[in-house]
Every structure is written in C-alpha cells, then in structure tokens.
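First the structure, in the form of structure tokens, and then the observations on it.
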Amino acid sequence: ISSQQRYCRPCSSFSSFILFFSSDPEFSHRTTSTNLRLPPSAHSTFYLSYISMSTKRKEPSPNMPHKDFTLPPGDGTRVCVGGGAGFIGSHIARRLKAAGYHVTVVDWKKNEFMEEKEFCDVFLHEDLRKLEVAARACKGCQQVYNLAADMGGMGFIVSNESVLSFNNTAISMNMLEAARRAGARDFFYASSACVYNEAKQEDVSNPGLVEADAWPARPQDMYGLEKLYSEEMALAYGRDFEMNVRLARFHNIYGPRGTWRGGREKVPAAFCRKAITSKEEFEMWGDGLQTRSFTYIDDCVEGVLRLMFSKCDVPINLGSTEMVDMIAFAKIAMSFEKKNLKIKHIDGPMGVRGRNSNSKLILEKLEWEPTITIAEGLKKTYFWIKDEIEKVRKEGSEAVDFSTSEIVKQVDDSLMQLGEAEEKTEAK
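With my numbering as the guide, the letters of the sequence shown map in order to residues 1 to 428.
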C-alpha cells in the first residue's frame with residue numbers, strides 16, 4: 001500500500017492475517033467492522049494484526065453531515081430521571097443538570113462512582129415498584145426519563161428471568177402512570193435490542209436489525225419480552241393522553257463509571273477487567289464467534305437527548321453499526337497494553353449468535369447516528385477500569401480474582417424486600 005492510500009479493502013475471509021505497511025505514521029487501517037487507528041510509529045513500519053470477523057461485512061453508510069444539536073437551556077425546568085443513579089441514567093441526568101434543568105433522580109441504589117451533586121438536584125433513594133414513589137418523583141416535572149430497570153449482563157439475565165419480569169414490569173407501569181398524573185409533556189423509555197425476534201439473530205453475520213424485526217414477537221428471554229411490552233404500553237399512553245412518548249432501543253451501552261464487577265457487568269467491562277488482570281489466559285464464555293455492536297455512553301446520551309427533543313414518535317435503534325465477534329473484541333481490549341493472552345473458552349451463556357444495529361431510521365428521523373468507534377470508546381473504558389482496580393487493590397483486596405466472571409444465581413431478595421416494606425407500612 002502506498003503512503004497515499006488511506007485504507008485497505010476489507011478481507012472476505014472469516015479469520016485473516018492482515019499485514020499493514022505505511023510510511024505515514026498517521027496511517028489508519030479501516031474495515032467495515034472495526035475502525036482501529038494504529039499508533040504513531042517510526043518511518044516505514046510494518047504492523048501485524050489478527051482480525052477475526054464474520055464473513056459478511058456491513059458496508060459503511062455514505063458520509064453525511066449530522067444535524068447540529070444543542071440541548072435547550074433548562075432554566076430550572078423540572079425533570080425526573082427514573083433509575084438516574086444507574087450507569088446510563090446518571091450520565092443523562094448529569095448532562096441535563098449541567099444545562100440548567102432541575103433534576104430529580106429516583107433509584108433504589110446509590111451511585112458508587114458519582115457524587116449526587118454531580119448529576120441531580122434532588123435524590124430520592126426509594127423503590128419505583130411503588131406507584132406512590134413514582135408519583136412523588138414525577139410531580140411537577142415536564143419531562144420524565146425512565147431508565148430504571150433491574151438488569152445486568154447475560155449471566156444475570158438468564159438466571160433471574162422471573163424476578164426481572166416482575167420488577168421491571170412494575171417499574172415501567174408506575175413510571176408511565178406517574179408521568180401521566182404529573183401532566184408531563186415528554187416521556188422517554190429506555191428499551192433494548194433484546195426486544196428483537198430471536199430468529200433474526202441466528203447468523204453471526206447479522207446485517208443489522210431494523211425496527212420492524214421486533215414483530216412477530218419472539219425475544220430470546222423474558223427481559224426482552226418485558227421491554228417490548230413496555231414499549232407498547234408507552235405507545236398506548238401516547239395515543240390516549242397528551243404526552244409525547246419517545247422510545248430508544250439501546251445496543252450494548254458501555255463506558256466509564258459503570259458496573260465492572262460482581263456479576264451484573266456487561267461484556268465490555270468484563271473483557272477490560274480480564275485483559276487487565278489475567279496473566280496467562282483470557283477466559284471467555286462460549287466459542288467467541290457470536291457478534292455484537294457496542295455503543296459508547298457519550299453517543300447514547302447524545303442520542304437520547306436528540307430523540308427527546310425531536311418529533312420521532314416511533315421506536316428507534318440507538319446503537320453503533322460497528323460489529324465485531326467476541327474474539328476480536330477481546331483482542332482489542334488486550335491491545336491497549338500490548339497483551340497477547342491465550343483465549344480459554346468455557347461454558348457459559350452466550351445469548352444470540354449475531355446482533356447488530358441498523359441506523360437507517362435514526363438517520364432519517366434525527367439526521368444523526370453514533371460515531372464513536374470501539375477502539376476509541378473501549379480504550380477510555382479500559383483505563384478507567386484499570387484505575388478502579390488499583391483503588392480496590394490499595395484498599396487491601398489483593399486476593400480478589402478479577403480475571404473470571406460469575407453467573408449471578410437466582411435470587412428473590414428484591415421481591416422479599418418489597419413485601420417486607422409493605423408489611424412494615426401496614427403495621428404502622
């Protein structure tokens with residue numbers, strides 16, 4: 001490749017060794033599934049990279065300018081963020097607070113990575129499965145964002161389907177009704193790519209799920225089915241009452257200040273943690289050939305706010321279309337500190353075989369799509385998690401093994417806590 005050529009064409013083979021040569025230190029290798037900028041190096045340097053991808057590559061969409069967007073100043077407008085102490089919710093709440101909105105956050109857990117003053121004006125440490133809690137939180141609010149959900153990574157979801165169904169259905173119903181009672185003008189619901197028909201996700205070379213692929217309904221698990229039902233319930237509220245309903249289907253949101261250990265973490269955080277702490281082998285559930293797209297938190301926040309202030313009244317994908325298989329994803333995580341660990345495949349839940357977002361509708365409705373690459377977003381996440389691990393080590397937890405993942409077993413503690421709280425109230 002001459003120094004004038006800026007990229008090489010994607011290979012069609014499933015697993016390929018690509019040899020890069022460039023006399024330009026800013027040379028960037030690009031494929032349709034990964035956009036990995038190589039580090040500056042000496043004049044005329046060879047790069048050797050192992051790329052393991054699906055046989056089909058999604059062609060990049062034509063470059064089109066994104067519509068400018070500035071979050072309207074809040075000027076004290078009251079908004080409620082359900083689940084606002086969680087990973088995505090706290091980032092959205094922080095952006096709203098910085099723009100001058102009066103932010104009420106309600107969550108049954110506190111944020112372990114942010115001070116409350118960073119992301120909200122009022123914090124209600126309460127349970128949204130109770131309608132009276134949701135109603136109190138939404139009172140006087142013009143906008144309501146529902147990001148509250150009992151969830152985690154694949155290991156947690158498959159082990160707790162019944163508990164998740166009960167908790168999340170209750171939360172979704174209560175937040176909608178509370179927003180209606182409060183006279184909220186706008187309501188946002190955080191849905192998921194898990195709503196999609198499992199039959200559409202059996203091929204690792206998934207061409208991208210379009211919004212219509214959710215029907216006929218056949219999600220892989222109860223978590224996805226609850227999300228799909230809650231979408232329909234929100235749309236019904238939007239038809240029956242004067243409330244603008246906005247729905248986004250998230251595709252694997254990741255980034256700093258999110259759960260990275262304990263069994264509820266998702267793949268990006270788990271892979272970063274393993275790449276940082278593993279010495280000889282990198283543990284991976286399944287064969288590693290399953291494919292996904294991943295969306296960095298900054299893109300997610302931007303997309304949610306653009307959607308909330310748009311006229312789009314149908315569910316849309318909010319996800320990157322940059323798809324990788326898990327082996328390639330692990331190698332990206334290992335690359336940040338030039339590690340080359342052997343991948344050890346073990347039994348564990350893998351989810352669907354192939355899932356990728358499709359940006360056609362979001363480009364049509366919002367004139368925007370996520371742009372942050374895996375290499376860029378995962379690097380920021382990796383070094384944030386590394387700092388967190390170092391903090392834990394300094395606190396004296398040297399014996400903790402962060403190189404493995406655990407499957408959270410089925411528990412009913414959250415169900416029992418709700419019952420106990422009601423019994424105490426009745427006793428009074």
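By construction, the Cβ of each residue, glycine as well, lies at the ideal position given by its N, Cα and C atoms.
Among residues of its own chain, excluding the 5 on either side of residue i, which ones have a beta-carbon nearer than 7 Å to its beta-carbon?
i           : result
residue 109 : 85
residue 396 : none
residue 93  : 81, 84, 103, 105, 119 and 120
residue 345 : 284, 286, 287 and 288
residue 77  : 101, 102 and 142
residue 310 : 365 and 366
residue 72  : 309
residue 248 : 190, 191, 303, 304, 307, 316 and 318
residue 414 : 150, 163 and 167
residue 418 : 127 and 129
Give me, in chain order, the residues of the same chain whose beta-carbon lies closer than 8 Å to that of residue i; leave out the 5 immediate sequence neighbours on both sides.
i           : result
residue 222 : 161, 162, 164 and 165
residue 250 : 88, 190, 191, 192, 193, 295, 300, 318 and 319
residue 275 : 282, 330, 333, 334, 336, 337, 339, 341 and 382
residue 216 : 197
residue 368 : 66, 67, 69, 302, 303, 306 and 362
residue 228 : 191, 195, 214, 217 and 219
residue 426 : Note that residue 426 scores 48 on pLDDT, short of 50, meaning its location in the model is unreliable; the coordinates nonetheless yield the value given after this. Once the five neighbours on either side are set aside, residue 426 has no close Cβ partner at all.
residue 327 : 52, 284, 288, 289 and 343
residue 243 : 179, 180, 184, 185, 186, 187 and 237
Quick check on residue i: does DSSP put it in helix, strand or coil?
i           : result
residue 151 : coil
residue 143 : strand
residue 353 : coil
residue 342 : strand
residue 129 : coil
residue 123 : strand
residue 235 : helix
residue 418 : helix
Would you give the residue range spanned by the beta strand (DSSP E) that residue i belongs to?
i           : result
residue 80  : 78–82
residue 98  : From DSSP, residue 98 is part of no beta strand (DSSP E) but of the alpha helix (DSSP H) over 87–98.
residue 104 : 102–107
Could you spell out the range, first to last residue, of the alpha helix (DSSP H) harbouring residue i?
i           : result
residue 366 : 360–366
residue 394 : 374–394
residue 456 : As shown, the chain starts at 1 and ends at 428. That puts residue 456 outside it, with no answer to give.
residue 242 : No alpha helix (DSSP H) contains residue 242, which DSSP labels as neither H nor E.
By Cβ distance below 6 Å, which residues in the same chain neighbour residue i in space, the five residues on each side in sequence not counted?
i           : result
residue 225 : 219
residue 173 : none
residue 169 : 226
residue 149 : 168
residue 255 : 296, 297 and 381
residue 312 : 365
residue 144 : 80, 138, 179, 184 and 187
residue 314 : none
residue 74  : 99, 100 and 101
residue 438 : Given that the chain is displayed from residue 1 to residue 428, the structure contains no residue 438 and the question cannot be resolved.
residue 429 : The requested residue 429 is not part of the displayed model; the chain covers only 1 to 428.
residue 246 : 188, 307 and 308
residue 175 : 82, 134 and 146
Check whether the stretch 299–314 touches the stretch 380–394, counting contact only when three or more Cβ pairs, one atom from each stretch, lie closer than 8 Å.
no
In chain order, which continuous runs of the alpha helix (DSSP H) of length 4 or greater are located wholly inside the stretch 251–316?
267–277 and 297–308
Counting pairs of beta carbons, one from the stretch 226–240 and one from the stretch 199–206, are three or more of them closer than 8 Å?
no
Does the structure place the stretch 268–282 close enough to the stretch 335–345 that three or more beta carbon pairs sit under 8 Å?
yes
Ignoring anything shorter than 3 residues or poking outside the stretch 153–233, list the beta strand (DSSP E) runs there in chain order.
186–192
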